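J.: Below is one structure. I have some questions about it.
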Amino acid sequence: MRSSFGLAAAALATIPLVSSQNISSDYTVDLGYAKYRGVLNQSVIQYFGIPYAAPPLGELRWRAPQDIENHVSNYGSSEVIDATVRAPICVQGAPFWRNNPILNSTGSEDCLVLDVLAPPEPVSEYLPVLVQIHGGGYDQGNSQSNPGYLMVNQSQGSVIYVSIQYRLDAFGFLGSYEIRESGNANVGLLDQRAALGWVQRNIRAFGGDPARVTIIGGSAGGGSVMTQMIMYGGVSNPPFRAAIAEYPWWQSLKNETILGAQYRQMLDATDCSTLACLRSQESDVLIAAMQTSLDVGYNTQVYGYGDFYYGPSVDGDVIRDLPSNEFKRGHFTKVPLLTNRDGYEGYNYSPKNQTTQEEETADLQLIFPYAKQSFFNRLYQLYPAEDFNSTLFQRQTIYGDYIIDCPTYYMATASSDWGQPTYKMIFNAGSQLHGADGPFLWGPNSTSSNNATLANIMKDWYLGFVLNLDPNTINNSNTSKPYWPQYQSPGVSNFSIMDVNYTMVGAIPDLDANERCDFFHGQSYVVRN
Numbered sequence: 004m005r006s007s008f009g010l011a012a013a014a015l016a017t018i019p020l021v022s023s024q025n026i027s028s029d030y031t032v033d034l035g036y037a038k039y040r041g042v043l044n045q046s047v048i049q050y051f052g053i054p055y056a057a058p059p060l061g062e063l064r065w066r067a068p069q070d071i072e073n074h075v076s077n078y079g080s081s082e083v084i085d086a087t088v089r090a091p092i093c094v095q096g097a098p099f100w101r102n103n104p105i106l107n108s109t110g111s112e113d114c115l116v117l118d119v120l121a122p123p124e125p126v127s128e129y130l131p132v133l134v135q136i137h138g139g140g141y142d143q144g145n146s147q148s149n150p151g152y153l154m155v156n157q158s159q160g161s162v163i164y165v166s167i168q169y170r171l172d173a174f175g176f177l178g179s180y181e182i183r184e185s186g187n188a189n190v191g192l193l194d195q196r197a198a199l200g201w202v203q204r205n206i207r208a209f210g211g212d213p214a215r216v217t218i219i220g221g222s223a224g225g226g227s228v229m230t231q232m233i234m235y236g237g238v239s240n241p242p243f244r245a246a247i248a249e250y251p252w253w254q255s256l257k258n259e260t261i262l263g264a265q266y267r268q269m270l271d272a273t274d275c276s277t278l279a280c281l282r283s284q285e286s287d288v289l290i291a292a293m294q295t296s297l298d299v300g301y302n303t304q305v306y307g308y309g310d311f312y313y314g315p316s317v318d319g320d321v322i323r324d325l326p327s328n329e330f331k332r333g334h335f336t337k338v339p340l341l342t343n344r345d346g347y348e349g350y351n352y353s354p355k356n357q358t359t360q361e362e363e364t365a366d367l368q369l370i371f372p373y374a375k376q377s378f379f380n381r382l383y384q385l386y387p388a389e390d391f392n393s394t395l396f397q398r399q400t401i402y403g404d405y406i407i408d409c410p411t412y413y414m415a416t417a418s419s420d421w422g423q424p425t426y427k428m429i430f431n432a433g434s435q436l437h438g439a440d441g442p443f444l445w446g447p448n449s450t451s452s453n454n455a456t457l458a459n460i461m462k463d464w465y466l467g468f469v470l471n472l473d474p475n476t477i478n479n480s481n482t483s484k485p486y487w488p489q490y491q492s493p494g495v496s497n498f499s500i501m502d503v504n505y506t507m508v509g510a511i512p513d514l515d516a517n518e519r520c521d522f523f524h525g526q527s528y529v530v531r532n
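Residue numbers (my numbering): 4 to 532.
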């Protein structure tokens, strides 16, 4: 029987006051190649818009990012750069099924920047660092998507928070043969890696410890954390010591046919015939072409409802095989892992107008384009219509399992099988929809969640993992909470997770360790290619 705890109100502890050793009294930090001035805001020193790579314009489009230290001619040795104003976000787009005129055709290509939040009174000279890779389907989001003020404040001077931006949509994830021949695929992932490299070289100036970096991300950010783990087949000396993959979005990796279609759509929309021509275009022309490709791809049924079209692809170098295969074979970076998912992951990504199984099958055929009738026969055996009160909830369960729920099971089992401390959570509070735990961790303020006590518990757990690789080790909020067991501990637990719901919190067996997820795992060649 699991232990359970009620969620009574609790107050945050007072932040201790000690002096900073790394930042001047006017919040100026010297990186050697440049100086930046921050500002105190919400009891945190914030630095906005620090470039980590050269602007990826012109000939640098669809190429690996170039470290900013190699492009310092524009910096004066005595100039102090204002880092108190937010930088432009990366170009944003939206898949046709999620039309969002506010985001379409906005943003800038000159966007490879990061933000740093540092406590004004750090408890030691060099602090652990939490690096946020934002989500948004690989076509939306920015460094402000998950503000880290509440986390830094609850750390009581113990954590530095960094949030990064990276190229999105066609700017970050064109991956056709032509791109690979004269550039790089997956440059959005390479941007993330370059930002982590910048952290390794420069975070000491802010009082951070490059040997104690944890990467975190939700949705496509969680998928990015996953891809950072399998990058180059899994490296032994990664630029991070731990990973938090929140509701990791394992979007289908497109095959060569679809990658080629995306590239041709960009050519057609710009009246180009070569990659050199694309690189010569003005930004606004490419931005319009990118959105056109998102519309054309959906209307010609190249991708379906719930898919964001652009995203990581297998290029043979950065990503060497499908994520399911890489985790099966142990081809991933072995670091402590914390992962989670929400209760209804597929709801926001399912059509609301389907009423028949015929409609549902036609829709799912676009998600699983190489699936045969035998696939659907078994799928509906595992997800019988009588188990759900509507076609919508049947479809959302199928899609949620496929895209997020089961991947948390795959990651947790692989990580723990390789002997890494591994923790998993199912979050069934808040809205229970995709991203439901966000207000409890990031705010934007202490009243954003519908339960302040649970918000304190969540931040304590995450801080414990960031500081000590164990969520049970911090109680800065003075809030009672249950013990969170490792996913697999010999003689103690097997596939144990933390279950968070409206009334109680406690450890239970993993609900995703089931035949549905085993089915998808065995069918990875169908659903990933």
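Just so it is clear, CB atoms sit at the ideal spot from N, CA and C, and this is done for glycine as well.
Quick caveat, the model's predicted, so the values are computed rather than measured.
Could you tell me if K257 is buried or exposed, where buried requires 16 or more neighbouring beta carbons within 10 angstroms of its beta carbon?
T.: buried
J.: Whole angstroms is fine: what's the gap from E181's alpha carbon to A198's?
T.: A direct Cα-Cα distance of roughly 26 angstroms separates E181 from A198.
J.: Between which two residues does the alpha helix (DSSP H) carrying D58 extend?
T.: Position check: residue 58 holds Pro in this sequence, whereas Asp was assumed. Taken as a continuous stretch (DSSP letters only), P58 belongs to no alpha helix (DSSP H), as it is neither H nor E.
J.: Buried or exposed: T358, going by 16 or more other Cβ atoms within 10 Å of its Cβ?
T.: By the 10 Å Cβ count, T358 comes out exposed.
J.: Provide the residue(s) that pair with I407 in DSSP beta bridges, ordered along the chain.
T.: BP columns for I407 are empty, so no partner.
J.: Since W421 contacts K337 with CB under 8 angstroms, what's their CB separation in whole angstroms?
T.: 5 angstroms
J.: On the DSSP bridge assignment, give the partners of L117 in chain order.
T.: I53 and I167
J.: Indicate the three-state DSSP secondary structure (helix, strand or coil) for A12 in the structure shown.
T.: With a pLDDT of 31 at A12, under the threshold of 50, the predicted position of this residue should be treated as unreliable, though the coordinate-derived value follows. It is coil, neither helix nor strand.
J.: Are the beta-carbon atoms belonging to R215 and V132 less than 9 angstroms from one another?
T.: yes
J.: Taking D320 as the reference, which of S255, Y312 and R183 has the closest Cα?
T.: That would be R183, whose Cα lies nearest to the Cα of D320.
J.: Can you find the residues in the same chain that come closer than 7 angstroms, C-beta to C-beta, to W100, ignoring five residues on each side of it along the sequence?
T.: Y301 and Y308
J.: Can at least three beta-carbon pairs, one atom from the segment 462–478 and one from the segment 164–171, be found at a separation below 8 angstroms?
T.: no
J.: Could you check what DSSP says for N102 in three-state terms: helix, strand or coil?
T.: coil
J.: For L514, report the span of its beta strand (DSSP E) as first-last.
T.: Careful: L514 lies outside any beta strand (DSSP E) and carries neither H nor E.
J.: Would you identify the three-state DSSP class for E362, choosing helix, strand or coil?
T.: helix
J.: State the beta-bridge partners of N44 as determined by DSSP.
T.: V47
J.: For the alpha helix (DSSP H) containing A458, list its first residue and its last residue.
T.: A455 to N471
J.: Apart from the five residues on each side of it in sequence, which residues of its chain come closer than 8 angstroms, Cβ to Cβ, to A12?
T.: Reliability fails at A12, whose pLDDT of 31 lies under 50, so the model's placement of it is uncertain and the value that follows must be treated cautiously. Counting only Cβ-Cβ distances below 8 angstroms, and skipping sequence neighbours, we find A455 and T456.
J.: I'd like the list of long-range same chain contacts for L466, defined as Cβ closer than 6 angstroms, with 5 residues on each side in sequence excluded.
T.: When the five nearest sequence neighbours on each side are left out, the beta carbons in the same chain lying within less than 6 angstroms of the beta carbon of L466 are those of S158 and I477, in order along the chain.
J.: Below 8 angstroms, how does it come out for the segment 204–215 and the segment 333–347: are there three or more Cβ pairs, yes or no?
T.: No, they do not touch.
J.: Between M507, V94, P122 and V162, which has its C-alpha nearest Y141's C-alpha?
T.: V94
J.: From E329 to D318, what does the alpha carbon distance come to, in whole angstroms?
T.: 14 angstroms
J.: For Q491, which of helix, strand or coil comes out of DSSP?
T.: strand
J.: Along the chain, where does the alpha helix (DSSP H) that runs through N431 open and close?
T.: N431 -> not in any alpha helix (DSSP H); beta strand (DSSP E) instead, spanning T425 to N431.
J.: When DSSP labels each residue in this structure, what does R183 get in the three-state scheme?
T.: helix
J.: Report buried or exposed for P410, applying the criterion of at least 16 other Cβ atoms within 10 angstroms of its Cβ.
T.: buried
J.: At what residues does the beta strand (DSSP E) containing R332 begin and finish?
T.: R332 -> no beta strand (DSSP E), and no H or E assigned at all.
J.: Out of G438, S316, D408 and P485, point me to the one whose CA is closest to D521's CA.
T.: D408
J.: Helix, strand or coil, according to DSSP, for N156 in the structure here?
T.: helix
J.: Which runs of the beta strand (DSSP E) spanning at least 3 residues fall entirely within the segment 290–356, listed in chain order?
T.: 340–345
J.: By Cβ distance, which residues of its chain are closer than 7 angstroms to R89, with the 5 residues on each side in sequence left out?
T.: F51, G52 and Q147
J.: For T394, tell me which candidate among Q360, P424, G151 and A365 has the shortest Cα-Cα distance.
T.: Q360
J.: Hey, G220 and G138: beta-carbon distance below 9 angstroms or not?
T.: yes
J.: Output yes or no for whether 9 angstroms exceeds the beta carbon distance between R196 and L115.
T.: The Cβ atoms of R196 and L115 lie no closer than 9 angstroms to each other.
J.: Could you check the C-alpha separation between P19 and P123 for me, to the nearest Å?
T.: For P19, the pLDDT reaches just 32, beneath the cut-off of 50, and the residue's location in the model is therefore unreliable, leaving the point undetermined.
J.: Here's the rule I'm using: 16 or more other beta-carbon atoms within 10 Å means buried, otherwise exposed. How should P326 be labelled?
T.: buried
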